[in-house]
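Q: Can you read through this structure? Questions will come right after.
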Amino acid sequence: QVQPVESGGGLVQVGGSLRLSCAAFGSIFNGRAMAWYRQAPGKQRDMVASITAGGWPTYADSVKGRFTISRDNAKNMVYLQMNSLKPEDTAVYYCNLLSQDPRSSWGQGTQVTVSS
């Protein structure tokens, strides 16, 4: 199995910004749609943004207009720019394939905490 590696989380005040990075090395990621997911304590893991191999993004309604997903295929990287952060954005953020594949496991994620 291959595992994406997320980074860039931290503690930020309401209204602040963070940029998350995901290193997705492995042939199974090449040419496939990727996504960012998040899981708050006691809740299920939900997708917040996805991006096709060609760079077409989609967003959950809760983050539209505030988050921007991007990717650099040459560097095997996926990014999530998060602006105007709210307390409800507090969660562990993960990246992975949009369509789950048993050859890809979940990484450790990166914690984002938004304080009010």
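For the sequence shown, the residue numbers in the numbering used here are 297 to 412.
Glycine residues also receive a C-beta, built at the ideal position from the N, C-alpha and C atoms.
#1: If you reduce the DSSP assignment to three classes, tell me which class S358 lands in.
#2: Using DSSP with H/G/I as helix, E/B as strand and the rest coil, what is A349?
#3: Return the Cβ separation of L376 and V310 in integer angstroms, given the expectation that the two are a contact with Cβ distance under 8 angstroms.
#4: Three or more beta-carbon pairs under 8 angstroms between the segment 327 to 343 and the segment 359 to 378, yes or no?
#5: Is S323 helix, strand or coil by DSSP?
A: So, to answer that:
#1: Coil, per DSSP.
#2: Note: A349 maps to coil in three-state DSSP.
#3: Contact check for L376 and V310: beta-carbon distance about 18 angstroms, past the 8 angstroms limit, so the pair fails to qualify.
#4: The segment 327 to 343, when compared against the segment 359 to 378, does touch it at the 8 angstroms Cβ threshold.
#5: Assignment of S323 by DSSP, reduced to helix, strand and coil, places it in the helix class.
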